[in-house]
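> Before I ask anything, let me first share the structure, which is written out below as structure tokens.
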Amino acid sequence: MRSALSTLEVVRPRSLDHALEALGRSVSGERLVPLAGGTDLFVYLNAGTPPGTRYLDLWGLRELRGIRVRDGGVRLGALTTFREIREHPVLGRRFPSLVAAAAEVGAWQIQNRATLAGNIANASPAGDSLPVLMAHDAKVDVRSARGAREVAFERLYRGYRELTVDADELITAVTLPFPPARSFPFFRKVGTRRAQSISKVVFSGLLALDRERRIAHVRLAYGSVAPVTLRARRAERALRGEPLAASVAARARAALAEDIAPIDDIRSSRDYRLAVAGNLLEQFLRAAAESRARR
Amino acid sequence: MARRARLPRASRTVLRPPASVGRSVPRLEGLDKVTGRALYVDDLRVPGVLHGRTVRSTIARGRIKRVRLDPAFDWSGVVVADHRDIPGENLVALIEDDQPLLAAEEIHHAEEPILLLAHEDPERVEAATRAVRIEYEPLEPVLTIEDSLARKAPLYRDDNVFKNILIERGDVERGLAGSDLVIEGEYRCGHQEQLYIENNGMIAERTPDGGLLVRGSLQCPYYVHKALVRAFALPPDKVRIVQTVTGGGFGGKEEYPSMIGGHAALLAWKSGRPVKIVYDRLEDIAATTKRHPAAIKLRTGVRRDGTLVANAIDIVMDGGAYVTLSPVVLSRGAIHAAGPYRCPNVSIRARAVATNTPPNGAFRGFGAPQTQFAVECHMDRIAAALGLDPLELRRRNAYRLGDVTPTGQVLRESVGALEALETAARRARWAERRARHERENRDNEARERPAGLGGAAAGRRRGETSRNGAGPRANGRRLRRGIGLALAYHGAGFTGSGEVKLGSIAALDLSHDGRPRILSASTEIGQGTTTMFAQLVAETLGVPADFVAVETPDTGLVPDSGPTVASRTCMVVGGLLEKCARAMRERLELFAERPIRDARDFQRIARRFLAERGPLRFERGYEKPPEIEWDDDRYRGDAYGVFSYGCCVVEVEVDLDTGETRVLRTIATADIGKAIHPILAAGQIEGGTVQGLGYGLLEEVRWKDGRVWNHQLTNYIIPTSMDASPIEVVIVELPYSRGPFGAKGVGELPMDAPAPAIVAAIAHATGARIDEIPVTPERLLEGLRDGARRDGSRSSPGSRRGGKRS
Numbered sequence: 002m003r004s005a006l007s008t009l010e011v012v013r014p015r016s017l018d019h020a021l022e023a024l025g026r027s028v029s030g031e032r033l034v035p036l037a038g039g040t041d042l043f044v045y046l047n048a049g050t051p052p053g054t055r056y057l058d059l060w061g062l063r064e065l066r067g068i069r070v071r072d073g074g075v076r077l078g079a080l081t082t083f084r085e086i087r088e089h090p091v092l093g094r095r096f097p098s099l100v101a102a103a104a105e106v107g108a109w110q111i112q113n114r115a116t117l118a119g120n121i122a123n124a125s126p127a128g129d130s131l132p133v134l135m136a137h138d139a140k141v142d143v144r145s146a147r148g149a150r151e152v153a154f155e156r157l158y159r160g161y162r163e164l165t166v167d168a169d170e171l172i173t174a175v176t177l178p179f180p181p182a183r184s185f186p187f188f189r190k191v192g193t194r195r196a197q198s199i200s201k202v203v204f205s206g207l208l209a210l211d212r213e214r215r216i217a218h219v220r221l222a223y224g225s226v227a228p229v230t231l232r233a234r235r236a237e238r239a240l241r242g243e244p245l246a247a248s249v250a251a252r253a254r255a256a257l258a259e260d261i262a263p264i265d266d267i268r269s270s271r272d273y274r275l276a277v278a279g280n281l282l283e284q285f286l287r288a289a290a291e292s293r294a295r296r
Numbered sequence: 114m115a116r117r118a119r120l121p122r123a124s125r126t127v128l129r130p131p132a133s134v135g136r137s138v139p140r141l142e143g144l145d146k147v148t149g150r151a152l153y154v155d156d157l158r159v160p161g162v163l164h165g166r167t168v169r170s171t172i173a174r175g176r177i178k179r180v181r182l183d184p185a186f187d188w189s190g191v192v193v194a195d196h197r198d199i200p201g202e203n204l205v206a207l208i209e210d211d212q213p214l215l216a217a218e219e220i221h222h223a224e225e226p227i228l229l230l231a232h233e234d235p236e237r238v239e240a241a242t243r244a245v246r247i248e249y250e251p252l253e254p255v256l257t258i259e260d261s262l263a264r265k266a267p268l269y270r271d272d273n274v275f276k277n278i279l280i281e282r283g284d285v286e287r288g289l290a291g292s293d294l295v296i297e298g299e300y301r302c303g304h305q306e307q308l309y310i311e312n313n314g315m316i317a318e319r320t321p322d323g324g325l326l327v328r329g330s331l332q333c334p335y336y337v338h339k340a341l342v343r344a345f346a347l348p349p350d351k352v353r354i355v356q357t358v359t360g361g362g363f364g365g366k367e368e369y370p371s372m373i374g375g376h377a378a379l380l381a382w383k384s385g386r387p388v389k390i391v392y393d394r395l396e397d398i399a400a401t402t403k404r405h406p407a408a409i410k411l412r413t414g415v416r417r418d419g420t421l422v423a424n425a426i427d428i429v430m431d432g433g434a435y436v437t438l439s440p441v442v443l444s445r446g447a448i449h450a451a452g453p454y455r456c457p458n459v460s461i462r463a464r465a466v467a468t469n470t471p472p473n474g475a476f477r478g479f480g481a482p483q484t485q486f487a488v489e490c491h492m493d494r495i496a497a498a499l500g501l502d503p504l505e506l507r508r509r510n511a512y513r514l515g516d517v518t519p520t521g522q523v524l525r526e527s528v529g530a531l532e533a534l535e536t537a538a539r540r541a542r543w544a545e546r547r548a549r550h551e552r553e554n555r556d557n558e559a560r561e562r563p564a565g566l567g568g569a570a571a572g573r574r575r576g577e578t579s580r581n582g583a584g585p586r587a588n589g590r591r592l593r594r595g596i597g598l599a600l601a602y603h604g605a606g607f608t609g610s611g612e613v614k615l616g617s618i619a620a621l622d623l624s625h626d627g628r629p630r631i632l633s634a635s636t637e638i639g640q641g642t643t644t645m646f647a648q649l650v651a652e653t654l655g656v657p658a659d660f661v662a663v664e665t666p667d668t669g670l671v672p673d674s675g676p677t678v679a680s681r682t683c684m685v686v687g688g689l690l691e692k693c694a695r696a697m698r699e700r701l702e703l704f705a706e707r708p709i710r711d712a713r714d715f716q717r718i719a720r721r722f723l724a725e726r727g728p729l730r731f732e733r734g735y736e737k738p739p740e741i742e743w744d745d746d747r748y749r750g751d752a753y754g755v756f757s758y759g760c761c762v763v764e765v766e767v768d769l770d771t772g773e774t775r776v777l778r779t780i781a782t783a784d785i786g787k788a789i790h791p792i793l794a795a796g797q798i799e800g801g802t803v804q805g806l807g808y809g810l811l812e813e814v815r816w817k818d819g820r821v822w823n824h825q826l827t828n829y830i831i832p833t834s835m836d837a838s839p840i841e842v843v844i845v846e847l848p849y850s851r852g853p854f855g856a857k858g859v860g861e862l863p864m865d866a867p868a869p870a871i872v873a874a875i876a877h878a879t880g881a882r883i884d885e886i887p888v889t890p891e892r893l894l895e896g897l898r899d900g901a902r903r904d905g906s907r908s909s910p911g912s913r914r915g916g917k918r919s
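Note that the protein sequences, when read in sequence, are chains E and S.
According to the numbering used here, the first sequence holds residues 2 to 296 in order.
According to the numbering used here, the second sequence holds residues 114 to 919 in order.
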């Protein structure tokens with residue numbers, strides 16, 4: 002442990018209001034760092050690079066827990082763990098790619114502690130759940146002592162590890178609308194090994210065809226290929242209104258290269274990421290075509 | 114065995130003596146480990162202890178201009194030690210005396226220790242390390258084998274070569290000229306980190322008699338002893354080294370504990386207080402030894418039928434900044450470089466070169482995994498060039514009894530190469546699986562070819578693998594399967610005259626309560642030494658294994674039975690203990706004037722002996738078997754007493770879209786002479802196989818300016834249980850007459866074959882023959898793109914010398 006633990010301060014709020022008040026007050030001095038499952042924080046503490054010395058421990062706040070199914074979708078409390086996501090029957094049926102992503106986060110021990118909002122707030126471009134949220138047009142509830150607001154997930158990141166959330170705001174929930182009827186969801190994490198790994202490329206797609214078998218709705222979301230998790234809008238445009246054909250896939254793949262900006266880093270290379278991002282797009286389209294053919 | 118003659122007289126049924134050897138008795142120290150009673154060095158509480166830290170160089174090569182302690186920092190209570198505080202010689206004594214305990218002026222590699230700090234409060238000493246300012250005069254470092262050979266800078270003598278080895282048998286050039294086909298290949302393997310579960314750690318204290326007591330996590334107590342005697346200029350009896358419960362070593366705690374032990378001792382020496390240094394994972398990966406990277410070229414002449422005629426092998430290993438163990442790693446690598454195959458004409462030229470990287474060192478296999486990776490990949494390339502099944506090529510050339518190795522060693526007994534090979538092939542259903550994968554891959558390729566995306570898998574459900582012939586295809590994935598095998602051998606014990614020079618001694622005495630007690634410096638590091646030793650002694654004495662006490666390796670109590678390395682512990686030291694036990698049994702039975710019946714009887718007799726005659730102790734030292742001869746200067750003769758043989762077959766599935774390889778099934782056979790404890794032996798084989806899998810597929814040390822970039826568990830990727838396939842272990846037992854109960858070595862052998870077997874399986878699956886490990890997805894995708902071919906594109910026909918290298 003390279004961090005001096007004796008110098009750290011942890012505030013344990015009794016309620017969400019109490020937490021927001023404490024967070025709001027701290028902004029004028031050393032801001033409290035919100036702490037949920039702590040699975041990312043402990044890596045920083047061990048390496049001697051903690052993000053701050055004052056922490057706001059949210060773990061005990063019941064208001065931030067729970068998965069609620071509503072008419073148009075589901076609402077996941079900020080502290081929903083990946084284990085809870087894995088085991089939720091409605092999520093399993095309606096959002097299989099979110100469940101698939103949850104199953105690939107770290108390992109069981111991590112999934113028991115790590116939270117959805119923690120994954121969002123840590124803002125790593127490699128966050129496993131983030132492309133799924135983006136592909137499903139998720140909305141994020143944020144709240145401060147000043148009030149509450151809703152932010153579209155795809156507008157949540159301003160830049161590398163930088164959120165559009167203000168310093169006194171907390172993420173309280175994530176809302177996912179049910180996907181269009183008969184849509185095809187897809188998730189694929191390409192990590193450094195089969196478990197306990199960080200993504201080299203992580204991709205989630207969602208696609209629905211119209212009666213003419215043309216692509217009516219499509220979302221392509223990638224992680225680990227740019228400073229932030231992003232939607233491949235050029236590639237989406239190349240697909241929208243087109244049939245599921247190899248030539249279309251090739252055009253989308255070419256467009257994808259303009260959407261993403263992968264780099265060489267400790268886990269992989271730019272070339273690999275470019276190639277795999279394109280391959281995964283084609284794999285997604287093949288899988289969608291296979292799925293159609295089976296109907 | 115004597116035991117059979119000593120059955121009780123008057124019983125109706127024949128009572129079997131408590132047979133121990135060959136049975137998987139409970140691990141002697143197992144209960145302590147699973148209940149948490151066993152304590153690592155970091156768990157030990159020592160009153161008044163200071164926590165030590167090491168300040169290391171941040172540059173790879175240069176000079177220290179100035180070391181400054183930031184005056185703004187509160188240095189009270191901080192003990193600071195540098196090279197000037199070393200009472201003896203500033204070196205880590207091993208083979209050559211070139212590595213300093215602390216850098217004085219010149220920096221030869223990044224993470225080289227410069228300054229030591231200690232404080233009562235671990236947080237304070239951590240902060241203190243950040244308040245040390247070191248100014249350097251940096252020099253351009255030499256970081257690769259190529260730059261070292263090109264003498265980009267002079268690092269060691271005039272050629273940067275730590276050690277040169279030449280092994281010659283027959284006439285290679287004539288052999289190549291007379292071959293039907295000459296096939297060339299060049300292979301590379303990178304660093305590998307041992308990644309034992311417990312990091313390096315030591316506690317040192319001054320003793321009232323003016324000496325040193327050093328306890329810690331280590332493999333070789335007498336190595337640390339030798340190093341500290343020199344560094345502290347103390348008489349040998351004033352330095353005492355004690356092993357604490359050790360969480361793995363894999364060679365990583367062979368030589369490095371002399372360094373960290375010396376550091377802890379120096380801080381203790383200066384402060385007069387006990388000092389504990391325990392590395393965290395970041396420091397352990399960044400600063401300690403790794404497996405030697407290697408670049409290996411083979412030029413092999415064969416007849417059309419696959420018979421090997423000549424093999425010219427060139428090996429270069431990266432030794433890192435200091436000599437340390439590189440000469441002996443190179444030696445083992447060179448001796449094993451032609452693989453377990455008969456070949457009349459062989460030349461092996463091997464060099465270990467200096468670079469400005471942390472010294473590379475011992476790691477399970479000790480040079481042999483590198484060279485056998487190369488020769489096994491090459492055998493597959495030869496098979497492809499000849500259109501032969503890789504199994505058949507090996508079958509034709511594998512060592513038989515009476516064959517002669519490149520050093521001229523005649524294989525007189527216990528040659529299990531063919532048994533290991535055939536057993537593995539049979540178990541794997543080699544031919545059937547091979548044909549099936551080829552058929553399925555063809556079918557998949559054909560199905561994927563049409564330009565349309567739709568309907569490719571019509572009628573089949575997602576993730577389904579059809580029963581006959583359609584092969585794997587799941588959710589849009591393009592998958593290919595393949596099977597590969599590799600055969601390896603591994604010499605047990607120290608190389609050449611090593612065992613003679615070591616002159617190991619082990620002892621057995623009677624504890625005060627009348628039990629046999631094993632005294633040796635051989636360490637339990639997770640592999641099962643304690644239990645296996647107890648079994649060997651128990652079997653010989655006719656008592657159960659848990660009746661035997663095993664003394665902690667403590668240089669104040671035990672004789673020097675040599676280092677716990679080189680697959681020698683069971684075969685060499687275990688053999689000495691068996692002899693001690695035989696002598697003890699004879700002595701006690703002579704004293705009792707009757708055979709020993711069981712443990713209770715043993716204890717009764719032993720106690721009576723202790724009371725009437727006093728202590729009883731037997732010591733046995735290594736004696737060179739008369740048939741073994743080794744010539745160090747010419748590198749000729751019996752390199753090892755005997756070899757173990759192993760074969761690994763793997764089946765893989767490659768995802769063409771991501772380059773990811775998944776190992777589906779592994780078969781590992783091992784001829785180890787005799788499994789003293791079958792479960793522990795199988796555990797060794799499974800563990801080594803997974804470590805080999807990591808070596809072949811995942812484990813890559815990435816460097817930045819001579820420093821390890823990925824020095825975290827997050828980014829240095831070893832296989833998890835999810836990455837390992839089920840492993841079927843088959844132990845083959847061809848006994849060795851000089852080993853205890855026929856046993857040979859087991860520890861390192863399983864490391865040799867998995868990596869080339871995986872490369873072969875990937876080539877079978879995809880057609881891409883990757884000559885460098887690990888075969889990361891990045892490397893494989895690149896290989897697939899460049900169309901790395903499996904055929905003999907590198908081969909040159911007929912008698913051309915030095916055919917063109919592509």
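Virtual Cβ for every residue (Gly too), placed ideally from N, Cα, C.
So, is the C-beta of Asn120(E) closer than 7 Å to a C-beta in chain S?
By this cut-off, Asn120(E) is not an interface position.
> Show which residues of chain S have a CB atom less than 8 Å away from the CB atom of Val191(E).
Here the neighbours are Thr771, Glu773 and Pro890.
> Just how far apart, CA to CA, sit Gly967(S) and Lys178(S)?
Residue 967(S) is absent from the model: chain S starts at 114 and stops at 919.
> Decide if Leu811(S) is buried, meaning its Cβ has at least 16 other Cβ atoms within 10 Å, or exposed.
Burial call: buried.
> I need the straight-line Cα distance from Thr8(E) to Asp58(E), nearest angstrom please.
So the alpha carbons of these two residues sit roughly 16 Å apart.
> I need the DSSP call for Ala288(E), collapsed to helix, strand or coil.
Of the three classes helix, strand and coil, the one that applies to Ala288(E) here is helix, per DSSP.
> What residues from chain E crowd round Ala240(S), counting only those whose CB sits closer than 8 Å?
Residues of chain E passing the Cβ test: Ala5.
> For Ser145(E), write down the residues that DSSP places opposite it in a beta bridge.
Looking at the DSSP assignment, Ser145(E) forms a beta bridge with Gly148(E).
> Using a Cβ-Cβ cutoff of 8 Å, what residues of the region 268-292 of chain E are near chain S? List them in chain order.
For the region 268-292 of chain E, which is checked against every Cβ of chain S, the residues closer than 8 Å are Arg268, Ser269, Ser270, Asp272, Tyr273, Ala276, Val277, Asn280, Leu281, Glu283, Gln284, Phe285, Leu286, Arg287, Ala288, Ala289, Ala290, Glu291 and Ser292.
> Could you check the C-alpha separation between Glu291(E) and Ala246(E) for me, to the nearest Å?
Going by the C-alpha atoms only, they are around 12 Å apart.
> If distances are taken between C-alpha atoms only, which option among Tyr336(S), Ala344(S) and Glu311(S) comes closest to Ser330(S)?
Closest by alpha carbon: Glu311(S).
> Buried or exposed: Arg181(S), going by 16 or more other Cβ atoms within 10 Å of its Cβ?
Under this definition Arg181(S) is an exposed residue.
> Going by the DSSP bridge assignment, what does Ser527(S) pair with across the sheet?
Paired residue(s): none; Ser527(S) is not in a bridge.
> Using a Cβ cut-off of 9 Å, which residues of the region 198-219 of chain E contact any Cβ in chain S, in chain order?
For the region 198-219 of chain E, which is checked against every Cβ of chain S, the residues closer than 9 Å are Ser198, Ile199, Lys201, Val202 and Arg214.
> Does chain S have any CB closer than 7 Å to the CB of Arg162(E)?
Not closer than 7 Å to any Cβ of chain S, the Cβ of Arg162(E) fails to qualify, so no.
> Is it buried or exposed for Thr578(S), if we count other Cβ within 10 angstroms and need 16 for buried?
Residue confidence for Thr578(S) is low, a pLDDT of 41 falling below 50, so the modelled location carries little weight; the figure read from the coordinates is stated next. Exposed, because fewer than 16 other Cβ atoms sit within 10 Å of the Cβ of Thr578(S).
> Flag this pair as touching only if the region 185-196 of chain E and the region 98-109 of chain E have three or more C-beta atom pairs under 8 Å; answer yes or no.
Counting Cβ pairs under 8 Å, three or more are found: they touch.
> Within a Cβ cutoff of 7 Å, which residues of the same chain sit near Ile495(S), ignoring the five residues on either side of it in sequence?
If we look at Ile495(S) and ignore the five residues flanking it on each side, its Cβ neighbours are Ile296, Thr413, Val415 and Leu506.
> Looking at the secondary structure, which residues open and close the alpha helix (DSSP H) in which Asp145(S) lies?
First-last of the alpha helix (DSSP H) with Asp145(S): Gly143 to Thr148.
> If you follow the beta strand (DSSP E) that Phe275(S) is in, where does it begin and where does it stop?
First-last of the beta strand (DSSP E) with Phe275(S): Val274 to Arg282.
> Distance cutoff 7 Å, beta carbons only. Does Ala251(E) sit that close to anything in chain S?
So, not an interface residue.
> Does the separation of the CB atoms of Gly74(E) and Arg66(E) fall below 7 Å?
No, the pair does not count as a contact, with Cβ atoms beyond the cut-off.
> Using 7 Å as the threshold, is the C-beta distance between Val327(S) and Gly374(S) below it?
Their beta carbons are under 7 Å apart, which means Val327(S) touches Gly374(S) by this criterion.
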